[in-house]
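The sequence shown begins at 50 in my numbering and counts up by one.
Shown next, in structure tokens, is the structure this report addresses.
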Amino acid sequence: MSRKRARKAAPDASRLARRSRVALLVFAAALAVRLVYLAEASSDPSFDVPIVDSQSYDQHARLLVSEGTFYNRFFWQGFFYPFFLAGTYLVSGGSILFARLVQIVLGSCMCALVCALGEKLFDRRIGCAAGMIAALYGPLVYYDAEILDAGFSAIWAIALLLLCLRAREAKSALPALLFGVVGGLAVATRATFAPFFLASAVWLVLAPRETGAARLRAAARAGFLAAGFLAAALPVASLAHRATGEFSFLPQSGPLNLFIGNNPDRNATIMIRPGSEWRELTRMPTVQGSPSDAEDRRVFMRRFIDYVKSEPGGYAAGLAAKAVEFASSRELPRNESMYVARDRSRLLSILVWKAGPFGFPFGLLLPLAVAGIAMFPRRFPAPVYLFLALYAAAVVAVFVSGRYRAPVVPVLAVPAAAGLLRLVDLARARLWPRAAALAASVAAVAVASSVAGPFAAERHDYRAEMHTIVGFELMKRNRTREAYEELSEALRVHPGWGDAHKYIGLLMSGERRHEEAAAHFGKALEQDPDSYFLRYYLGTTLLNLGKRAEGFAELRAAREGAVEAKEDELIRQIDRILGPGSPGDAPPGGVDASGGTAR
Numbered sequence: 050m051s052r053k054r055a056r057k058a059a060p061d062a063s064r065l066a067r068r069s070r071v072a073l074l075v076f077a078a079a080l081a082v083r084l085v086y087l088a089e090a091s092s093d094p095s096f097d098v099p100i101v102d103s104q105s106y107d108q109h110a111r112l113l114v115s116e117g118t119f120y121n122r123f124f125w126q127g128f129f130y131p132f133f134l135a136g137t138y139l140v141s142g143g144s145i146l147f148a149r150l151v152q153i154v155l156g157s158c159m160c161a162l163v164c165a166l167g168e169k170l171f172d173r174r175i176g177c178a179a180g181m182i183a184a185l186y187g188p189l190v191y192y193d194a195e196i197l198d199a200g201f202s203a204i205w206a207i208a209l210l211l212l213c214l215r216a217r218e219a220k221s222a223l224p225a226l227l228f229g230v231v232g233g234l235a236v237a238t239r240a241t242f243a244p245f246f247l248a249s250a251v252w253l254v255l256a257p258r259e260t261g262a263a264r265l266r267a268a269a270r271a272g273f274l275a276a277g278f279l280a281a282a283l284p285v286a287s288l289a290h291r292a293t294g295e296f297s298f299l300p301q302s303g304p305l306n307l308f309i310g311n312n313p314d315r316n317a318t319i320m321i322r323p324g325s326e327w328r329e330l331t332r333m334p335t336v337q338g339s340p341s342d343a344e345d346r347r348v349f350m351r352r353f354i355d356y357v358k359s360e361p362g363g364y365a366a367g368l369a370a371k372a373v374e375f376a377s378s379r380e381l382p383r384n385e386s387m388y389v390a391r392d393r394s395r396l397l398s399i400l401v402w403k404a405g406p407f408g409f410p411f412g413l414l415l416p417l418a419v420a421g422i423a424m425f426p427r428r429f430p431a432p433v434y435l436f437l438a439l440y441a442a443a444v445v446a447v448f449v450s451g452r453y454r455a456p457v458v459p460v461l462a463v464p465a466a467a468g469l470l471r472l473v474d475l476a477r478a479r480l481w482p483r484a485a486a487l488a489a490s491v492a493a494v495a496v497a498s499s500v501a502g503p504f505a506a507e508r509h510d511y512r513a514e515m516h517t518i519v520g521f522e523l524m525k526r527n528r529t530r531e532a533y534e535e536l537s538e539a540l541r542v543h544p545g546w547g548d549a550h551k552y553i554g555l556l557m558s559g560e561r562r563h564e565e566a567a568a569h570f571g572k573a574l575e576q577d578p579d580s581y582f583l584r585y586y587l588g589t590t591l592l593n594l595g596k597r598a599e600g601f602a603e604l605r606a607a608r609e610g611a612v613e614a615k616e617d618e619l620i621r622q623i624d625r626i627l628g629p630g631s632p633g634d635a636p637p638g639g640v641d642a643s644g645g646t647a648r
């Protein structure tokens, strides 16, 4: 009997060894590609100066490490990623490089998991091809090295599918427990995982069972699945309650994001830029009389619901338009553009590019995946279809960017590999009519995914904005010379870029170069004449130049705008300068143009 078991175990061990070698090969290739990109990207000024969402994550993580407490803004976005980032900072002394290295190792492991999924659904050949697609997929390479949650979201996507399928097959309830835990972590990273997790959990628990024992195992799986999810989600909700007063594991930004992506002027709200425009949007409930952060969220949720009720046709049209954006071959930017990042990396320039309206690599991945699914529909179990449909629907329900689309890529890599290898096999067999028909269908989907647009998110100058935001972050770190270089580069790219003029004006004011500061503030005002902060900066600068009448006129105009916007701190600063009586009562001497904070 023992000899029979030994003979049976030998092929199993051999298969496992071969699988391990293939997965290790995919992992090594993915890691090599990501290390090359990381080395090239390290020369960029933003490498150690996170900006926009990356800056928020970095700030949350550093405050958690330094103070050991969770504050309310920590829960604005998904909980998991800044918590993970804090862990890397804790063990590395706050090294951003270490965090990026950990992420690219995990991203390389994700490619090995793609290989495992492909082999599970097809064979080793397709598994290897799918893993290599993920390893060489430019946007995944980019996101794995960024201080963003997109790389982790891709990891959760493939891990959830593998665990769900394993939980269905296993007699043990442990895979169901792990599926629940990973589901909780995925939802705590991006709430858009919630619809898929719920649907796949129902599929897992309610799938047909033939015997009483099978039904008992299904009930046990349900219990372990729920326990796993709650083990991940409840601590997050408890921490959120302590910090914000609300017991929820979902991010607080949800209502605002729903409003941004669903309103009569959706393209305008989606293109609200970081800085003063974003501040104006987030303060809108306060200006309207909202007394608390919780009420702010309710204001945005009511506006979203009112829009759906009052304009159902417009809402439906918006969803359709966003679905087209989701399927676009191009990588739609959010606050940063991957196409700008190509400037710093030859490798990324090869792996991500546009040719007219066509975008690579999604413009090839999607058509090949569609072909693979069309040719082998029964190879893909229900969770794969559920994920592709429900995750995409969750993103479309809010708003679309390439970053939020990233989790579908490792899943699409498997049918794309099947479609690609089928085309190769037809060509090798010299079945030219069938190969031509398949190639034509792939080309047709590629064209269909490219013709729409350009979309609102593609019409912005992200290069000038990137240099401006990096310059501003360098200003905050008192790296004045580097800040000036970045801001000057922004003006070289876009001479009329208002924010760059504003920040250079603040730098000049700090160096008491008031004539130059006034000139830059004036140019910034030409771009944004309604900015009360700019009028405040210009007014104080004119006072420092001895131009009291002009200075006080600008300050009064600034005060009117500040009163309307309920900017109490700015009003107090202006009142201190204006004094209790006439302009002649204002304090003599120099005046700080920044007022302590740049807006």
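Just so it is clear, CB atoms sit at the ideal spot from N, CA and C, and this is done for glycine as well.
Would you tell me roughly how many angstroms separate the C-alpha atoms of residue i and residue j, rounded to the nearest one?
i	j	result
A532	A275	50 Å
P672	E329	The displayed coordinates of the chain run from 50 to 648. Any statement about residue 672 would go beyond what the structure contains.
V373	A148	34 Å
A268	L212	17 Å
L435	S297	25 Å
D93	A505	27 Å
R83	A194	7 Å
I518	S144	21 Å
V190	I182	11 Å
R393	A568	32 Å
I620	V612	7 Å
A495	A607	52 Å
M159	A465	17 Å
V419	A486	14 Å
T529	L523	7 Å
P340	R352	17 Å
M660	A566	Given a span of 50 to 648 for the chain in the structure shown, any question on residue 660 remains unanswerable.
L223	R346	38 Å
V254	L166	21 Å
F129	N306	19 Å
T589	R625	12 Å
E385	Y511	6 Å
R452	R379	11 Å
A431	S377	25 Å
G421	L413	12 Å
Would you please state the rounded distance, in angstroms, between the beta carbons of residue i and residue j? I believe it to be under 8 Å.
i	j	result
V444	F375	6 Å
F245	K371	Not a contact, Cβ separation roughly 18 Å.
H516	A539	4 Å
D579	G610	7 Å
L185	L400	7 Å
Suppose the cutoff is 7 Å on Cβ atoms and the five residues either side in sequence are ignored; what does the same chain contact list for residue i look like?
i	result
A292	F119, Y120, N121, F123, F124
S202	T238, R239, A455, P456
P406	S499, V500, G502
V433	L210, V460
E295	A289, A343
L87	R149, I153, A194
Terminal residues of the continuous beta strand (DSSP E) containing residue i?
i	result
W402	402-404
G233	G233 -> not in any beta strand (DSSP E); alpha helix (DSSP H) instead, spanning 223-238.
G408	407-409
Give a single yes or no on whether residue i has its beta carbon closer than 7 Å to a heavy atom of the ligand NAP.
i	result
D617	Looking at this structure, you won't find the ligand NAP or any other ligand, since it has none at all.
CB-CB under 6 Å to residue i, same chain, minus the five flanking residues each way: which ones, in chain order?
i	result
M350	P304
F409	W402
A135	A110, L113, V114
G547	A573, Q576, D577
G310	V447, F448
Can you list, in chain order, the residues of its chain with a C-beta nearer than 8 Å to that of residue i? Leave out the 5 residues immediately preceding and following it.
i	result
F437	In the sequence on display, residue 437 carries Leu and not Phe. Same-chain partners within the cutoff: V457, V460, L461.
D107	P99, L134, I145, I196
V230	G277, F278, A280, A281
Y440	A206, T241, F242, P244, F245, P456, V457
N312	T318, R352, F353, Y356
Return the first residue and the last residue of the alpha helix (DSSP H) that residue i is part of.
i	result
K551	547-559
F296	Element bounds for F296: n/a, residue is neither H nor E.
A465	457-477
P334	333-336
W481	481-497
K371	361-375
I321	Segment: none, I321 is in no alpha helix (DSSP H) and carries neither H nor E.
S537	529-542
I518	511-525
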